[in-house]
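Heads up, the thing below is written out as structure tokens.
There are 2 protein chains.
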Amino acid sequence: MKTIVIVGSGMMGSALAFPARENGHRVRLVGTVLDRDIIETARRTNRHPKFDRDFPSGVEFYQFEELKQALEGASFVICGVSSFGVDWFGDAVLPQIPNEVPILSVTKGLQDLPDGTLLCYPDLWQAKLDKLGKSNELNAIGGPCTSYELVAHDQSLVAFCGRNLQTLAMMKAAMTTSYYHIMVTQDVIGIESAVALKNGYALGIALTIGENIRRSGNENEIHYNSQAAVFLQATREMDKLVAMQGGTANSFYTGIGDLYVTVYGGRTRKVGILLGEGLSIDEALERLQGVTLESLVVAGRVARALKKRAARGELNLADFPLLMHVDEIITDRKPVNIPWESFAK
Amino acid sequence: MKTIVIVGSGMMGSALAFPARENGHRVRLVGTVLDRDIIETARRTNRHPKFDRDFPSGVEFYQFEELKQALEGASFVICGVSSFGVDWFGDAVLPQIPNEVPILSVTKGLQDLPDGTLLCYPDLWQAKLDKLGKSNELNAIGGPCTSYELVAHDQSLVAFCGRNLQTLAMMKAAMTTSYYHIMVTQDVIGIESAVALKNGYALGIALTIGENIRRSGNENEIHYNSQAAVFLQATREMDKLVAMQGGTANSFYTGIGDLYVTVYGGRTRKVGILLGEGLSIDEALERLQGVTLESLVVAGRVARALKKRAARGELNLADFPLLMHVDEIITDRKPVNIPWESFAK
């Protein structure tokens, strides 16, 4: 039996308690400072307020002040904070994790440097660990898996990535269930890039749904040719970008699976549809107020990085007309005007 | 103004009359021997019986006996027969097409030879042309485009493939509209393989929809993790297969777009859902009687070819667990049992 400590009781962190606990491990779910109510509710009802079924019995719930106790005897720590909590995790949690305990992060995203380098979060945390003189192994989860479907025991396929294949095998053995299937790979930058890149592209595909609603005046007449056309172009651009980041083909495929699930997965889709229907980005965000829009942030960062690299002649922005258009919409506040003919070049 | 002759007035052949005629060309739609009623209806109502809107005015309709007149002055001929009409087209139509007139085929499929070679239809027709001592250029259309959405002017992106870039440019100029966007490529085998290969994979993805319906007892609770997992695996297998056929990455992307639209596009989806719900292939076909199941035929052919190549040691069937399972279901009548863990290997 392992002791698996999950830090961050948002939907994805909490969902991972299901396979972990169902496999008979000790599971400690620790809320962040923003998760106080979730942990209180979970203690009272054994259910996450956003889920429609109970946690498997025996999951232990901790408030953030109790992190130290929660970490006692940990086999590994799962980081389930949102991408807005990445620095916080590095500053408030990493220093407390005992040196020998490996980490598995489900936080998705990329951060761009002034020179156009796109770093994944394990890279950022590695820098923090180096400063702390610590040697925890950093691993990450990527791939097509929405939390509520994982909770529903829908069949899911994800990738665990990290440097050490033995550690990955240990984590895979601990987390694999009849419905949660895990590939392992050492291609950390590839997986993390692929699953972060898909955000802007999912928005791009959703634009076509909104455009069709606007054109037909009918929410039910959903057409797929236009979605498929943008999906095709997204595939082409993502393959280039993953390779550019140094990733493998398998990581690109994982990103494509993630793109597929994200087109249907809620917030990004909703923003894209509203934009396609003719709202400006500001109007769309106003309409959807309160939703976290990590996907828009990531798309903007990737576009900013590509522009810098293009300025140095390292790539041609004309190879990325879809991402550039998504960036125009969300960064420059331009109206939707999908550059169809540029996809046929 | 060009004269564009479409042979085969099924849904896709007929749909191509829309961009062609809207661009001001003379368009002659010629029914096959099975299309007599469609042509009669179209003459009377200017509408295809399966479409919900009229043909653009001025499309001319011909019965098959009038093929010779229809071909007079043709700039190019579009072959719109189903894959079951491939031999018929070669025997009954090819000999009548004047030697200098190029052909553009929208028929999708592959045919396997005893040695496991997978030929595309332009290859088959080339052999017929060689026998006839004719030199018509053979081109083909692939990519994500369903006929009824093309008719609805949904934005669509397809690839025209052929040997001669000048001919492709002529056809592209003739057919491009504000909603029909055309890539051109010389990678005929890649495009034709990619768009044929997607059939079995679309069935595989649809299986998960049926499985979820069976499991949840609820047709509305459609989950996407499992669809995305199979989509991921399909991407991986299709990339390998397209490359094995000698195709390019761009053709693979086109196949992925086609896979996306096919998951939503009707017949293949329906069969997959019924199979996933627990029906045998025979029960599913009984339930859907009358539908043409080109996709099942193609998937069976590809599997048969791969097995022969594997027997010669040219490939490892373990790299294609999804296609092999689809083949088990449709060829060996086995029940659905998606090999999830083999996707995580």
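Going line by line, the protein sequences match chains A and B. Position 254 of the first sequence, counted from 1, bears residue number 254 in the numbering used here, the numbering being contiguous throughout. Position 176 of the second sequence, counted from 1, bears residue number 521 in the numbering used here, the numbering being contiguous throughout. We put the CB at the ideal spot given by N, CA and C, even for glycine.
Nearest-angstrom Cβ-Cβ length linking residue i and residue j, presumed shorter than 8 Å
| i | j | result |
| --- | --- | --- |
| G545 (chain B) | V671 (chain B) | 5 Å |
| L197 (chain A) | V242 (chain A) | 7 Å |
| M12 (chain A) | S105 (chain A) | With a Cβ gap of about 11 Å, M12 (chain A) and S105 (chain A) do not count as contacting. |
| D499 (chain B) | N164 (chain A) | Actually they are not in contact, since the Cβ atoms of D499 (chain B) and N164 (chain A) sit about 48 Å apart, beyond 8 Å. |
| T452 (chain B) | S420 (chain B) | About 20 Å; that fails the 8 Å criterion. |
| A305 (chain A) | G116 (chain A) | 4 Å |
Closer than 8 Å to chain B by CB, residue i
| i | result |
| --- | --- |
| F343 (chain A) | yes |
| R236 (chain A) | yes |
| G257 (chain A) | yes |
| N250 (chain A) | yes |
| Y62 (chain A) | no |
| D154 (chain A) | yes |
| H48 (chain A) | no |
| E192 (chain A) | no |
| T254 (chain A) | yes |
| M11 (chain A) | no |
| T167 (chain A) | no |
| W88 (chain A) | no |
Test: residue i CB closer than 8 Å to a CB of chain A
| i | result |
| --- | --- |
| V713 (chain B) | Chain B is shown from 346 up to 690; residue 713 (chain B) falls before or after that span and cannot be answered. |
| L289 (chain B) | In the structure displayed, chain B extends from 346 to 690; residue 289 (chain B) sits before or after that span and is not available. |
| Q572 (chain B) | yes |
| D532 (chain B) | no |
| D584 (chain B) | yes |
| N557 (chain B) | yes |
| C490 (chain B) | yes |
| E622 (chain B) | no |
| H670 (chain B) | no |
| T377 (chain B) | no |
| E494 (chain B) | yes |
| T462 (chain B) | no |
| W685 (chain B) | yes |
| T553 (chain B) | yes |
Selected residue, minimal CA-CA separation from residue i, among the options
| i | options | result |
| --- | --- | --- |
| A228 (chain A) | B:Q471, B:E494, B:D399 and B:I675 | B:E494 |
| Q346 (chain A) | A:Y180, A:T185 and A:T177 | The displayed coordinates of chain A run from 1 to 345. Any statement about residue 346 (chain A) would go beyond what the structure contains. |
| F343 (chain A) | B:W433, B:R654, B:Y524 and B:G376 | B:Y524 |
| M358 (chain A) | A:N316, A:V27, A:S9 and A:E341 | No answer is possible for residue 358 (chain A): it lies beyond the span of chain A, which begins at 1 and ends at 345. |
| D91 (chain A) | A:I182, A:W125 and A:G265 | A:W125 |
| D603 (chain B) | B:E686, B:A539 and B:P394 | B:A539 |
| R301 (chain A) | A:Q111, A:F64, A:I182 and A:L315 | A:Q111 |
| I550 (chain B) | B:V350, B:V616, B:R657 and B:G418 | B:V616 |
Span separating the alpha-carbon of residue i from that of residue j
| i | j | result |
| --- | --- | --- |
| L667 (chain B) | D130 (chain A) | 43 Å |
| P447 (chain B) | L374 (chain B) | 16 Å |
| V263 (chain A) | T235 (chain A) | 13 Å |
| D35 (chain A) | A547 (chain B) | 41 Å |
| N46 (chain A) | L67 (chain A) | 19 Å |
| P443 (chain B) | C424 (chain B) | 14 Å |
| P311 (chain B) | V642 (chain B) | Residue 311 (chain B) lies beyond the residue range present for chain B, which begins at 346 and ends at 690; the question has no answer from this structure. |
| P467 (chain B) | C120 (chain A) | 46 Å |
| T32 (chain A) | I329 (chain A) | 33 Å |
| D532 (chain B) | V7 (chain A) | 50 Å |
| R53 (chain A) | F61 (chain A) | 16 Å |
| L288 (chain A) | K2 (chain A) | 40 Å |
| D382 (chain B) | T522 (chain B) | 29 Å |
| R388 (chain B) | A497 (chain B) | 21 Å |
| M583 (chain B) | K653 (chain B) | 18 Å |
| L638 (chain B) | A127 (chain A) | 56 Å |
| V230 (chain A) | M589 (chain B) | 26 Å |
| L118 (chain A) | G430 (chain B) | 52 Å |
| A284 (chain A) | R267 (chain A) | 11 Å |
| E564 (chain B) | S501 (chain B) | 29 Å |
| V77 (chain A) | G265 (chain A) | 26 Å |
| Q233 (chain A) | G600 (chain B) | 11 Å |
| A663 (chain B) | A644 (chain B) | 17 Å |
| S359 (chain B) | A310 (chain A) | 44 Å |
| A169 (chain A) | K345 (chain A) | 44 Å |
| T246 (chain A) | R678 (chain B) | Thr is not the amino acid found at residue 246 (chain A); the sequence shown has Gly there. About 43 Å. |
| I281 (chain A) | G217 (chain A) | 21 Å |
| E445 (chain B) | E537 (chain B) | 23 Å |
Contact test: residue i Cβ vs the ligand COA heavy atom, cutoff 7 Å
| i | result |
| --- | --- |
| D319 (chain A) | In terms of ligand content, the structure shown is empty, and the ligand COA therefore cannot be addressed. |
Partner residues on chain C for residue i, Cβ-Cβ distance less than 8 Å
| i | result |
| --- | --- |
| G265 (chain A) | Checking the listed chains, one finds no chain C in this structure; the protein chains it contains are A and B. |
Looking at C-beta atoms only, is the number of pairs between the segment 470-490 of chain B and the segment 504-514 of chain B that lie closer than 8 Å three or more?
-> Taking a cut-off of 8 Å on C-beta distances, the segment 470-490 of chain B touches the segment 504-514 of chain B, as three or more cross pairs fall below it.
Inter-stretch contact at 8 Å, needing at least 3 Cβ pairs: the segment 273-283 of chain A / the segment 239-257 of chain A = Verdict: no, contact absent.
Counting Cβ pairs, one atom from each stretch, are 3 or more of them under 8 Å apart for the segment 8-26 of chain A and the segment 49-63 of chain A?
-> Yes, the segment 8-26 of chain A is in contact with the segment 49-63 of chain A.
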